[in-house]
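Right, one structure below, let's go through it.
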Amino acid sequence: MSELTALQDRALAELNACSDEAALRAWNTKYFGKQGEVVLAVKKVGSVPPAERRAYGQHANQVKETLTKAHEERDALLKEQALERSLTTEGLDVTLPGRPVPRGRLHVATKVLREIYAIFSDLGFQIYRSREVEDDLTNFELLNMPPHHPARDLWDTFHTTTPGVLLRTHTSPGQIHVMRELAPRPIRVILPGMCYRYEQITVRSEIQFHQVEGLAIGDHVTMADLKGTIITFARRLFGAERQVRIRSSYFPFTEPSIEVDMDCILCAGKGCALCKGSGWLEIMGAGMVHPVVLRNGGYDPAKCSGFAFGMGPQRIAQLKYAIDDIRLYWGNDLRFLSQF
Ligand SMILES: [Zn+2]
4 MSELTALQDR ALAELNACSD EAALRAWNTK YFGKQGEVVL AVKKVGSVPP
54 AERRAYGQHA NQVKETLTKA HEERDALLKE QALERSLTTE GLDVTLPGRP
104 VPRGRLHVAT KVLREIYAIF SDLGFQIYRS REVEDDLTNF ELLNMPPHHP
154 ARDLWDTFHT TTPGVLLRTH TSPGQIHVMR ELAPRPIRVI LPGMCYRYEQ
204 ITVRSEIQFH QVEGLAIGDH VTMADLKGTI ITFARRLFGA ERQVRIRSSY
254 FPFTEPSIEV DMDCILCAGK GCALCKGSGW LEIMGAGMVH PVVLRNGGYD
304 PAKCSGFAFG MGPQRIAQLK YAIDDIRLYW GNDLRFLSQF
């Protein structure tokens, strides 16, 4: 017992002599380290005769608590003193240059989307957003693809564990949503958003990507309106001298369907590596809205008509900025992202 009291007195005296952090650390190791005197004293309770064990244990714990508390107080006092010293002796130089804050920026995908929004806004199109999780009915059936329709194979689909619920494979189901909301009024919208496909990720294909869909419905909307819209868009985004050509194509939800090419931005039609020697670059698919789709949206195909188009902003940005690997978009590599 008297050993414990002596230990406490000695430790307190040494603690009060500590004048800096290093000394405090050494003190702590000496008394509270693995082989510290206090630690050993507490452990010693096992070798004390049973009659005295209880009293010894209590006393040992008391010493431990007292010293721990004293250490905390000394530590706080020393820190306060150190702060006061540094404030009075080391002045603050406000003329030193500040540390630069790194500036963030918009993702290249967002930038291109906004450019596309601006062009179509000027043409009177509104932005309509719809859900990324769809049902089979809206993603396929109402777009003129009944179950087992072979065209469904064009889209490798992510199905959820809920039957009939899937991640949209294209932005086209948005056409149904906007038509059903606005019918029978005329429509002029673009439908941007993320789409998902169950594909192998390669230099040329990703499982997620943006699409921008366009839809215009009204009286006497014709193929000429579609062509004019596409040409205006291509020239605004890629330069006033751009030429556009259309080829016939097939989509279940448009009739007739077309594929739109633009003369190569690098070689202007002469043939180069970007256009693989053809002189043309594919920029979008489009067509006149299929009568079945118009009817599913609540419009009478005998009274009105419409056109639709769909493009991949990532592919468009690849042309604009000569990006050769689609995986870079979502790879989160700052060396890539900070270039835009
Ligand atoms: Zn070319």
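Position one of the sequence shown corresponds to residue 4 (the numbering used here), numbered consecutively onward. Virtual Cβ for every residue (Gly too), placed ideally from N, Cα, C.
Discussion item. Less than 7 Å separating the Cβ of Leu218 from some heavy atom of ligand 1?
Written reply: The sequence position of residue 218 within the sequence shown is 215, counting from 1. It does not: the Cβ of Leu218 is nowhere closer than 7 Å to a heavy atom of ligand 1.
Worksheet item: Taking 7 Å as the cut-off, does the CB of Gly274 come closer than this to any heavy atom belonging to ligand 1?
Response: Taking the first residue of the sequence shown as 1, we reach residue 274 at position 271. It does: the Cβ of Gly274 is within 7 Å (strictly closer) of some heavy atom of ligand 1.
Worksheet item: Quick one, which of Phe212, Leu284, Glu202, Tyr201 has its alpha-carbon nearest Phe241's?
Response: For the purposes of this step, residue 241 is taken as residue 238 along the sequence shown, with counting starting at 1. Nearest option by C-alpha distance: Leu284.
Worksheet item: Is Ile286 closer than 8 Å to Ile319 when the C-beta atoms are compared?
Response: Residue numbering aside, residue 319 sits at position 316 when the sequence shown is read from its first letter. Residue numbering aside, residue 286 sits at position 283 when the sequence shown is read from its first letter. For Ile319 and Ile286, yes; Cβs fall inside 8 Å.
Item to complete: Rank Val45, Phe256, Ile179, Ala219 by C-alpha distance to the C-alpha of Gln129 and give the top, closest one.
Response: Here residue 129 is taken as the residue at index 126 of the sequence shown, counted from 1. Here the closest residue by C-alpha is Ala219.
Discussion item. Between Gly282 and ligand 1, is there a pair consisting of the residue's CB and a ligand heavy atom that are separated by less than 7 Å?
Written reply: Sequence index remark: in the sequence shown, residue 282 carries index 279 (1-based). Yes, the Cβ of Gly282 comes within 7 Å of a heavy atom of ligand 1.
Worksheet item: Beta carbon of Leu169, beta carbon of Glu137: below 8 Å?
Response: Residue numbering aside, residue 169 sits at position 166 when the sequence shown is read from its first letter. Residue numbering aside, residue 137 sits at position 134 when the sequence shown is read from its first letter. It is a contact, given that the beta carbons lie within the stated cut-off.
Worksheet item: Asn142: buried (16+ other C-beta within 10 angstroms of its C-beta) or exposed?
Response: As a working note, residue 142 is residue 139 in the sequence shown. Buried.
Fill in: Through-space distance from Ile326 to Ser251, alpha-carbon basis
Walking along the sequence shown from the start, residue 251 turns up at place 248. Walking along the sequence shown from the start, residue 326 turns up at place 323. Spanning the two alpha carbons is a distance of roughly 28 Å.
Worksheet item: What is the rounded straight-line gap between the Cα of Leu229 and the Cα of Ser341?
Response: The residue given as residue 229 occupies position 226 in the sequence shown. The residue given as residue 341 occupies position 338 in the sequence shown. Computed Cα separation, rounded: 36 Å.
Discussion item. Using the Cβ count rule (16 or more neighbours within 10 Å means buried), how would you classify Gln214?
Written reply: Looking up residue 214 in the sequence shown gives position 211. Buried: at least 16 other Cβ atoms inside 10 Å.
Discussion item. Pull the bridge partners of Phe312 from the DSSP assignment, please.
Written reply: Here residue 312 refers to the residue found at position 309 of the sequence shown. Per DSSP, Gly217, Ala289.
Worksheet entry | Short Cβ contact (8 Å threshold) for Ile329 with Glu209 | Position 326 of the sequence shown, counted from the first residue, corresponds to residue 329. Position 206 of the sequence shown, counted from the first residue, corresponds to residue 209. Yes.
Discussion item. Give me, in chain order, the residues of the same chain whose beta-carbon lies closer than 6 Å to that of Ile249; leave out the 5 immediate sequence neighbours on both sides.
Written reply: For the purposes of this step, residue 249 is taken as the residue at position 246 of the sequence shown. Ile261, Val263, listed in sequence order.
Item to complete: Return the chain-ordered ranges of every beta strand (DSSP E) run that is complete within the segment 106-158 and spans a minimum of 3 residues.
Response: 136-138
Item to complete: Report the three-state DSSP secondary structure of Pro255 (helix, strand or coil).
Response: Taking the sequence shown and counting its residues from 1, one reaches residue 255 at position 252. In the three-state scheme derived from DSSP, where H, G and I count as helix and E and B as strand, Pro255 is classed as coil.
Worksheet entry | Any non-hydrogen atom of ligand 1 within 7 Å of Leu277 CB | As a working mapping, residue 277 is identified with position 274 in the sequence shown. Yes, Cβ of Leu277 sits closer than 7 Å to a heavy atom of ligand 1.
Worksheet entry | Contact under 8 Å by Cβ, Phe343 with Lys114 | Position 340 of the sequence shown, counting from 1, holds the residue named residue 343. Position 111 of the sequence shown, counting from 1, holds the residue named residue 114. Contact flag set, yes.
Discussion item. Less than 8 Å between C-beta atoms, sequence neighbours within five positions excluded: which residues of the same chain meet that for Glu40?
Written reply: Counting from 1 along the sequence shown, the entry for residue 40 is found at position 37. Taken in chain order, the residues that qualify are Leu10, Ala14, Lys33, Tyr34.
Worksheet item: Does the beta carbon of Ile319 fall short of 7 Å from some heavy atom of ligand 2?
Response: Judged by which ligands are present, ligand 2 is missing from the structure shown, whose ligands are ligand 1.
Worksheet item: Cα-Cα, which of Leu297, Val42, Thr8 is closest to Leu185?
Response: Position 182 of the sequence shown, counted from the start, is the residue given in the question as residue 185. Ranking the options by Cα distance to Leu185, first place goes to Leu297.
Worksheet item: Any heavy atom of ligand 1 within a distance shorter than 7 Å of the CB on Leu169?
Response: For the purposes of this step, residue 169 is taken as the residue at position 166 of the sequence shown. Answer for Leu169: no, Cβ out of range of ligand 1.
Item to complete: Write down every uninterrupted run of the beta strand (DSSP E) in the segment 224-275 whose length is 3 residues or greater and which is fully enclosed by it, in chain order.
Response: 247-254, 257-266
Discussion item. Report the CB separation of Met291 from Met197 in whole angstroms; it is logged as a contact under 8 Å.
Written reply: Position 288 of the sequence shown holds residue 291. Position 194 of the sequence shown holds residue 197. About 27 Å separates the two Cβ atoms, so there is no contact after all.
Worksheet entry | Cβ-heavy atom distance, Cys198 to ligand 1, below 7 Å | Working through the sequence shown from its first residue, we reach residue 198 at position 195. Not under cutoff, so the answer is no.
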